[in-house]
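Here's the structure we're looking at; comments come further down.
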Amino acid sequence: MNKQLTIGYVTEGTTDVRFLESIIQRTFENVALECQSQIEVLPVLNLEKSSGAFNDMLVEKAIEANSLGLMVLCVHADSDSSDNDEVIRNKINPAFSAIENFETHDEICKNLVSIIPVHMTESWMLADRNLIREELGTNKSDNDLGINRAPESIADPKEVIRNSISVAFSHLPKRRRYQLGIEDLYRPIGQKISLSNLQSLNSYRHFENNVRESLIKLNYLYR
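Just so it is clear: in the sequence shown, position 103 is 107 by my numbering, and no numbers are missing.
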């Protein structure tokens, strides 16, 4: 009999939901293949972010996750810098500690997985340049589109993608240049980007290792 895995996730914004949902689902499915038993990964569930301090919000979401019978809660936070050390130290660790020390242990989900793209989520979108060109319907070069640098070295990947859209459609009449915006790319790129491309990024590999740790906690995976 297959074991089931139920996963919730909370993100910083709505565009992050569009991009990350498929990546979270596929990453858990991929890591689950390392387990000795057959694991059925049920569709991941978005727990909509609420207002208030990050710690309080995350405690609330962890309680909600537990009430819904979720076994893992993924937490997204952009690093807004060239590494994830500061956001882990000042944001993720305090919030995870608040959950770990929650007074009623059986009312809260403590199996937590952080997702921390370097700078911002859009850096992960740049991990597959061929896919970006495909979605833009252009044969212009990486240099022309401005996507030729290492994704995690780009301080503002969102602006780089916006610029690549402008360059890709620069040959069109002005009234047709703005039919596609960056908001139209999050979902298709998130669904199509290969995990092997993402594995070239340190921040994605960190997330992938966190996924493994969550399965170890459930005794689905062994060291």
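Note that the Cβ used here is the ideal one computed from N, Cα and C, for glycine as well.
Classification of residue i by the beta-carbon crowding that lies within 10 angstroms, buried from 16 upward
{"i": "Ala-69", "result": "buried"}
{"i": "Gly-12", "result": "buried"}
{"i": "Arg-93", "result": "exposed"}
{"i": "His-80", "result": "buried"}
{"i": "Ala-36", "result": "buried"}
{"i": "Thr-125", "result": "buried"}
{"i": "Pro-161", "result": "buried"}
Residue range of the beta strand (DSSP E) that includes residue i
{"i": "Gln-29", "result": "Note, Gln-29: premise wrong, no beta strand (DSSP E); alpha helix (DSSP H) at 18-36."}
{"i": "Ile-7", "result": "Inspection of the sequence shows that residue 7 is occupied by Lys rather than by Ile. That run of the beta strand (DSSP E) goes 7-9."}
{"i": "Glu-68", "result": "Not the beta strand (DSSP E): Glu-68 falls in the alpha helix (DSSP H), residues 58-71."}
{"i": "Val-48", "result": "Looking at the DSSP string, Val-48 is not in any beta strand (DSSP E), and its letter there is neither H nor E."}
Straight-line gap, residue i to residue j (C-alpha atoms, nearest Å)
{"i": "Asn-147", "j": "Lys-221", "result": "44 Å"}
{"i": "Gln-42", "j": "Tyr-226", "result": "14 Å"}
{"i": "Gln-195", "j": "Asp-89", "result": "28 Å"}
{"i": "Ser-101", "j": "Ala-172", "result": "46 Å"}
{"i": "Glu-139", "j": "Pro-192", "result": "8 Å"}
{"i": "Glu-16", "j": "Pro-121", "result": "12 Å"}
{"i": "Met-5", "j": "Arg-216", "result": "21 Å"}
Terminal residues of the alpha helix (DSSP H) in which residue i lies
{"i": "Gln-195", "result": "190-196"}
{"i": "Tyr-226", "result": "Looking at the DSSP string, Tyr-226 is not in any alpha helix (DSSP H), and its letter there is neither H nor E."}
{"i": "Ser-101", "result": "97-104"}
{"i": "Val-76", "result": "Counting along the chain, Val-76 falls outside any alpha helix (DSSP H), though it belongs to the beta strand (DSSP E) covering 76-80."}
Contacts around residue i, its chain only, beta-carbon distance under 6 Å, and the 5 residues preceding and following it disregarded
{"i": "Asn-152", "result": "Asp-146"}
{"i": "Arg-187", "result": "Sequence inspection shows Glu at residue 187; the Arg mentioned does not correspond to that position. So no residue of the chain qualifies."}
{"i": "Val-164", "result": "Gly-150 and Ile-158"}
Proximal residues to residue i (C-beta, below 8 Å), its chain only, five neighbours per side dropped
{"i": "Val-48", "result": "Ile-11, Gly-12, Tyr-13, Glu-25, Ile-28, Gln-29, Phe-32 and Cys-78"}
Own chain, CB closer than 7 Å to residue i, minus 5 neighbours either side, in chain order
{"i": "Glu-64", "result": "Ser-54"}
{"i": "Pro-98", "result": "Asn-59"}
Cβ separation of residue i and residue j, assumed to be a contact under 8 Å, to the nearest whole Å
{"i": "Thr-19", "j": "Tyr-208", "result": "Their Cβ separation, rounded to whole angstroms, is 18 Å, which puts Thr-19 and Tyr-208 out of contact at 8 Å."}
{"i": "Ala-131", "j": "Ile-103", "result": "So it is not a contact: roughly 30 Å between Cβ atoms."}
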